[in-house]
Structure formats: C-alpha cells, structure tokens
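The next block holds one structure in the form of structure tokens; read it before the comments.
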Amino acid sequence: MPASADRSARLLSGLLLGAGVAHFAAPRPFDAIVPRALPGSPRAWTYLSGAAELAVGAAIALPRTRRAGALAAAGLFAAVFPANVKMAYDWRHRPAPLRAAALARLPLQAPLVAWALRVRRNG
1 MPASADRSAR LLSGLLLGAG VAHFAAPRPF DAIVPRALPG SPRAWTYLSG AAELAVGAAI
61 ALPRTRRAGA LAAAGLFAAV FPANVKMAYD WRHRPAPLRA AALARLPLQA PLVAWALRVR
121 RNG
C-alpha cells in the first residue's frame, strides 16, 4: 500500500475513533440528534453509534481488517445521515452560524462515504 493510502486510512481511523470517544465523553449533543422515530432512548443510540464508530475505526487501523472496516465505515456514514437531517431541521431557527454548520453537515456525508470506499479499495 502506498504511504499516502496508509496515511489516509490512519486519518479515517482517527476520525472515527475520536468521534466514538466523543459519544461517550459528551453524549448530550448526540442524544439531541437521534431521530425520534427510533425505538428506545436516545442515549442508547448515542452509545451504540459511538461503539460502532470505535469498532469501525479500530478495524480500519489494522491492515488485516482495513477493507472490511472501511466498507462498514461507508455504511455507518450513510446510516447516520438521518441524524444530520434531524439536526439541520431542529436548528433551522438557531443563529445563522449554527444553522450553517448544521446544513454543512448534510453534503459532507457524501465525501466521507467516498473516502471510506477509497480506503477500502486501496486497503
């Protein structure tokens, strides 16, 4: 694997591991964007998604499981898109900078999925 591909995989792994830790260290912001249609408590979904991010990030970090982990990351990025939609909707009356941040998250999911698929391909 070229050094740039390995670096890209390590960066993606770090992003996921950092996000996973954040779900446990500061869960309240994540609780707030859990779609209401999901059964159970928002905190359970926050912890579940945080654990998934930790597992996927660890899988990408290891060359032996990188391809499967990267494919799982692409699926995870797609799966959390409804939470970003909910956040954009819920924040529609917030100050302009917060509204802009919430709206900016929506198109960012596509490059994250593409990044994960590129890591899988180069894995």
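Heads up, the sequence shown is in UniProt numbering, so the first residue is 1 and it goes up one at a time.
For each residue, glycine too, the CB sits at the ideal point set by N, CA and C.
Tell me which residues share the same chain as residue i and place their Cβ nearer than 6 Å to its Cβ, disregarding the 5 neighbours each side in the sequence.
i     : result
GLU53 : LEU16, ALA19 and GLY20
LYS86 : ILE33 and PRO35
For residue i, count neighbouring C-beta atoms within 10 Å of its own C-beta (all shown protein chains included) and say buried if the count is 16 or more, exposed if not.
i      : result
SER49  : buried
SER13  : buried
LEU11  : exposed
HIS93  : exposed
ALA72  : buried
PHE77  : buried
LEU112 : buried
ALA110 : exposed
ARG66  : buried
ALA3   : exposed
Assign residue i to one of three DSSP states: helix, strand, or coil.
i      : result
ALA26  : coil
ARG36  : coil
GLY123 : coil
PRO2   : coil
Taking the C-alpha atoms as reference points, what is the distance between residue i and residue j?
i      : j      : result
ALA61  : GLY123 : 10 Å
ALA32  : PRO107 : 20 Å
ASN84  : VAL119 : 23 Å
LEU103 : ALA22  : 21 Å
PRO97  : PRO29  : 17 Å
Where do the N-terminal and C-terminal ends of the alpha helix (DSSP H) with residue i fall, by residue?
i     : result
GLY69 : 66-79
ARG92 : Per DSSP, ARG92 belongs to no alpha helix (DSSP H) and is neither H nor E.
ALA52 : 42-61
Closer than 7 Å by C-beta to residue i: which residues in its own chain qualify, once you throw out the five before and the five after it? Chain order, please.
i     : result
GLY69 : VAL56, ALA59 and ILE60
VAL80 : SER49
SER41 : none
Which residues in the same chain have their Cβ closer than 8 Å to the Cβ of residue i, if we skip the five residues on either side of it in sequence?
i     : result
PRO27 : ARG43, THR46, TYR47 and GLY50
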